[in-house]
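Written below as structure tokens is the structure these notes are about.
In structure tokens form, the structure reads like this:
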């Protein structure tokens with residue numbers, strides 16, 4: 101009896117996933133048939149004229165998520181190393197949970213913080229500094245005054261991805277067997293050499309999987325990005341300009357769409373986002389599965 | 008195997024054994040490198056904590072002015088002001104119903120994966136993959152799917168639809184944490200039950216589940232805390248509601264909720280709107296952090312119990 | 610120096626055989642040097658470790674106490690005794706491998722070639738570079754055999770002649786012939802005995818001054834054990850070796866001097882301490898302390 105119930109529960113879970121994918125495809129199909137694959141390349145979004153394009157949103161998603169990844173991955177690994185290898189146990193017991201709490205902050209609050217605190221700071225100090233020092237690189241173009249930009253959205257996403265990478269990395273580093281670290285230490289190696297020679301090589305694929313998980317979080321974030329990324333269209337190299345992302349576009353336009361084709365077009369955006377999201381999840385599983393720590397150590 | 012000394016060519020960097028025990032050879036440079044990395048790592052940790060403090064400080068300083076007993080106990084009064092009582096109740100009702108749906112399915116799925124599925128079971132692998140993929144779904148997509156399934160059919164946005172969406176979001180978390188906790192239950196318990204000739208389901212319900220109860224509760228609390236803060240799905244399927252009424256019946260109409268309150272109040276053209284939004288945010292943040300701390304304590308206690316068995 | 614010097618020839622050249630008799634006053638009572646007429650006087654051996662009144666604590670719990678002895682150069686010193694008597698704590702304290710354990714501290718004097726191992730100015734990494742260690746369970750890195758041996762020399766900047774250094778180290782660990790054709794293969798594919806010899810080669814590759822071995826053969830089968838023991842006889846000409854073992858026959862086979870650690874139960878806690886320290890022959894044939902005699906005869910038969 102219990103077996104039957106459990107089996108049913110499992111099947112419900114599988115069914116839900118299938119249903120989600122089906123529904124997104126189903127919802128998007130009118131738009132797919134009407135707009136075709138060119139949808140992916142167009143940047144315009146004018147519902148009244150029946151013109152829809154995903155390119156701005158895809159660009160904003162890619163840039164802000166990549167930015168979040170570039171910032172959060174090294175920082176997260178560094179924090180993981182600190183917690184696992186350097187901090188004294190009482191410090192680790194306090195700082196560890198604090199870092200994890202960063203991940204528990206709801207996105208709407210991160211969004212508000214981003215609008216009220218982060219964006220003004222970025223607009224007043226960060227963007228002008230970067231433009232002044234590195235303005236020759238096109239991504240650091242002229243800033244505009246509100247600070248609501250792809251750049252700020254990337255920073256906020258980094259804040260949300262960081263604790264994921266940090267906590268998972270810390271857990272991974274703690275699984276490295278003590279006798280391996282002892283063996284390295286007994287050979288007169290410095291702490292960094294132990295990390296570089298033993299800890300990182302044995303956990304590298306787990307860390308990679310954690311990074312991809314963090315990427316998934318960044319890709320799917322709608323509310324915080326919606327508030328911080330401003331309201332821009334088009335593809336600009338300058339990250340200090342406002343933009344849009346796949347998730348945020350769906351979130352902002354869905355309620356107000358009256359046009360017959362807009363909802364399917366939004367589903368079409370969601371389909372692209374879903375495809376990217378599923379791919380990253382599968383990638384994370386594949387990486388973690390191929391080289392998990394236990395296999396590497398063959399113990 | 009004799010006369011080792013003549014086959015070793017003494018490397019110039021080898022220290023004289025009787026020299027003082029300070030850095031010899033290239034150790035000084037290597038120590039600087041190692042220390043620098045330690046400084047960078049420590050600074051990163053400090054940065055992360057500083058960010059947490061900054062966000063928390065922002066929420067507290069902007070939200071505290073709005074807090075009052077009235078704020079917590081009165082319903083919202085639209086533009087005029089009021090409190091978050093109805094939004095709080097709405098969130099509690101929606102999330103409770105979502106938990107009612109997600110907890111049994113999630114725990115049973117966890118039981119299936121640990122107690123019934125073989126290690127090489129095809130279904131188990133598919134199930135684990137499905138749970139991972141469900142967990143990674145952007146919540147906005149869950150929102151629009153539930154919209155398409157339920158709201159389109161019923162032609163209205165309801166709290167019920169919100170609960171369904173939240174349940175889908177909570178399910179994979181509960182399933183995974185249940186599975187992890189159940190795996191930790193010592194095999195000796197299962198063996199003892201088997202040796203006594205007890206039926207499988209009795210063993211699970213009577214022995215294994217109680218042993219894992221603490222961990223499962225922890226997972227449940229954490230996923231409830233996360234669901235309570237989700238805005239995106241509610242924005243899609245539960246955004247039409249009367250903001251000043253207490254609405255406990257979720258099946259026929261929209262239900263106010265804290266995330267939606269925060270999101271909508273912020274933009275209202277009323278003088279106290281921003282403060283009220285932050286006030287609600289403060290309440291939400293405190294609740295979520297308290298749940299996290301509580302779950303941690305619960306986990307530590309249940310771990311201690313299992314360790315002592 | 611050729612051939613295997615027998616233990617008995619060592620008798621006359623030891624300066625002061627130290628022995629601590631645990632009594633009410635806990636004072637170390639050095640006895641006068643024993644000189645046997647037939648032994649020739651050989652030059653006094655250099656002291657590598659000069660340990661006086663050493664105690665070790667894990668937090669409030671004392672694991673080791675009142676240990677005084679000198680360890681001499683270019684011989685094998687065995688540390689024997691029942692489990693829980695602080696043997697591992699003792700040997701790991703010599704190269705500060707216990708530092709990572711929270712709450713651990715050492716009191717008393719531990720001098721290495723006259724320098725305080727636990728002084729504030731002492732560089733821990735440098736200590737381990739000179740005093741290497743091989744552990745009970747073989748712990749090769751998940752790298753190739755070559756990279757396992759070459760890892761530490763690379764860190765130390767020994768890049769010239771690295772191939773030769775690796776070959777020498779593996780040869781001196783009696784492993785070269787078995788692995789010379791598969792240096793690039795993973796070290797994890799070796800048998801237990803081979804892995805342990807690889808760990809020894811790894812330690813030898815940086816040419817330490819002292820080699821500490823913490824029950825190196827306890828996880829190995831008899832044949833692998835025998836090969837490890839054979840190594841001791843040759844390595845000691847180059848290195849100073851301290852080996853912890855719970856196998857008394859092994860101590861009798863490889864060691865020149867033996868330290869017997871036991872439990873002191875007179876105080877409130879059970880604390881491990883050095884009970885008798887002498888030439889191996891003496892410890893096993895004519896131990897002076899009853900506890901030594903009990904331990905040694907209980908197994909020796």
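Protein chains in written order, with our numbering: chain D, 101 to 399; chain W, 8 to 316; chain G, 610 to 910. Beta carbons: idealized from backbone N, C-alpha and C, even for Gly.
Identify, in the order they occur along the chain, each residue of the same chain with its Cβ nearer than 6 angstroms to the Cβ of residue i, setting aside the five sequence neighbours on each side.
i	result
residue 269 (chain W)	284, 287, 288
residue 380 (chain D)	312, 315, 316
residue 758 (chain G)	775, 778, 810, 811, 814
residue 643 (chain G)	Legend: pLDDT at residue 643 (chain G) = 33, less than 50; position of this residue unreliable, value from coordinates given subsequently. The answer is none, since no qualifying residue turns up.
residue 649 (chain G)	Its pLDDT being 40, under 50, residue 649 (chain G) is placed unreliably in this model, and the coordinates cannot settle the point.
residue 808 (chain G)	743, 747
residue 880 (chain G)	671, 674, 873
residue 384 (chain D)	309, 312, 313
Identify the contact partners of residue i in chain W, using a Cβ-Cβ distance below 7 angstroms as the criterion.
i	result
residue 730 (chain G)	29
residue 818 (chain G)	24
What does DSSP give as the partner residues of residue i in its beta bridges?
i	result
residue 742 (chain G)	G:821
residue 870 (chain G)	G:883
residue 325 (chain W)	Residue 325 (chain W) lies beyond the stretch modelled for chain W, which goes from 8 to 316, so this question has no answer here.
residue 665 (chain G)	G:673, G:715
residue 658 (chain G)	G:680, G:721
Closer than 8 angstroms by C-beta to residue i: which residues in its own chain qualify, once you throw out the five before and the five after it? Chain order, please.
i	result
residue 320 (chain D)	347, 373, 377
residue 828 (chain G)	745, 746, 747, 801, 805
residue 660 (chain G)	676, 677, 678, 679, 680, 717, 718, 719, 720
residue 267 (chain D)	180, 196, 199, 200, 203
Suppose you measure from the CA of residue i to the CA of residue j; what does that come to, to the nearest Å?
i	j	result
residue 328 (chain D)	residue 666 (chain G)	56 angstroms
residue 147 (chain D)	residue 363 (chain D)	10 angstroms
residue 127 (chain D)	residue 155 (chain W)	7 angstroms
residue 294 (chain W)	residue 235 (chain W)	9 angstroms
residue 700 (chain G)	residue 197 (chain W)	42 angstroms
residue 217 (chain D)	residue 65 (chain W)	8 angstroms
residue 226 (chain W)	residue 302 (chain W)	8 angstroms
residue 180 (chain W)	residue 108 (chain D)	18 angstroms
residue 892 (chain G)	residue 865 (chain G)	11 angstroms
residue 204 (chain D)	residue 165 (chain W)	26 angstroms
residue 171 (chain W)	residue 117 (chain D)	14 angstroms
residue 114 (chain D)	residue 151 (chain W)	19 angstroms
residue 36 (chain W)	residue 704 (chain G)	22 angstroms
residue 657 (chain G)	residue 868 (chain G)	15 angstroms
residue 419 (chain D)	residue 237 (chain W)	With chain D represented from 101 up to 399, any question about residue 419 (chain D) goes unanswered, as that position is not in the structure.
residue 23 (chain W)	residue 696 (chain G)	28 angstroms
residue 354 (chain D)	residue 104 (chain W)	25 angstroms
residue 298 (chain W)	residue 201 (chain D)	11 angstroms
residue 135 (chain D)	residue 797 (chain G)	57 angstroms
residue 233 (chain W)	residue 276 (chain D)	31 angstroms
residue 55 (chain W)	residue 255 (chain D)	13 angstroms
residue 286 (chain D)	residue 761 (chain G)	10 angstroms
residue 68 (chain W)	residue 252 (chain W)	28 angstroms
Suppose the cutoff is 7 angstroms on Cβ atoms and the five residues either side in sequence are ignored; what does the same chain contact list for residue i look like?
i	result
residue 178 (chain W)	109, 112, 113, 141
residue 706 (chain G)	742
residue 352 (chain D)	326
residue 71 (chain W)	289
residue 683 (chain G)	845, 846, 849
Can you pull the chain G residues whose beta carbon is under 8 angstroms from the beta carbon of residue i, in chain order?
i	result
residue 38 (chain W)	732, 734
Kindly list, in the order they appear in chain G, the residues whose Cβ is closer than 7 angstroms to that of residue i.
i	result
residue 21 (chain W)	816
residue 290 (chain D)	734
residue 32 (chain W)	765, 766
residue 154 (chain D)	Within chain G, no residue comes near residue 154 (chain D); the closest Cβ sits about 44 angstroms away, beyond 7 angstroms.
Residue i touches chain W at which residues, Cβ-Cβ below 8 angstroms?
i	result
residue 721 (chain G)	28
residue 726 (chain G)	28
residue 739 (chain G)	22, 24, 28
Which chain D residues sit within Cβ distance under 8 angstroms of residue i?
i	result
residue 748 (chain G)	277, 279, 280, 282, 283
Next on the checklist: Please give me, in chain order, every unbroken run of the alpha helix (DSSP H) with length at least 4 that falls completely inside the stretch 226-277 of chain D.
Outcome noted: Unbroken alpha helix (DSSP H) stretches of 4 residues or longer found wholly inside the stretch 226-277 of chain D: 227-234, 250-275, given in chain order.
Checklist entry - Which runs of the alpha helix (DSSP H) spanning at least 4 residues fall entirely within the stretch 694-778 of chain G, listed in chain order? => result As far as the stretch 694-778 of chain G is concerned, its whole alpha helix (DSSP H) runs of at least 4 residues are 696-703, 733-739, 754-764.
Checklist entry - Fully enclosed by the stretch 180-206 of chain D, which alpha helix (DSSP H) runs are 4 residues long or longer? => result The DSSP assignment places complete alpha helix (DSSP H) segments of no fewer than 4 residues inside the stretch 180-206 of chain D at 189-202, in order along the chain.
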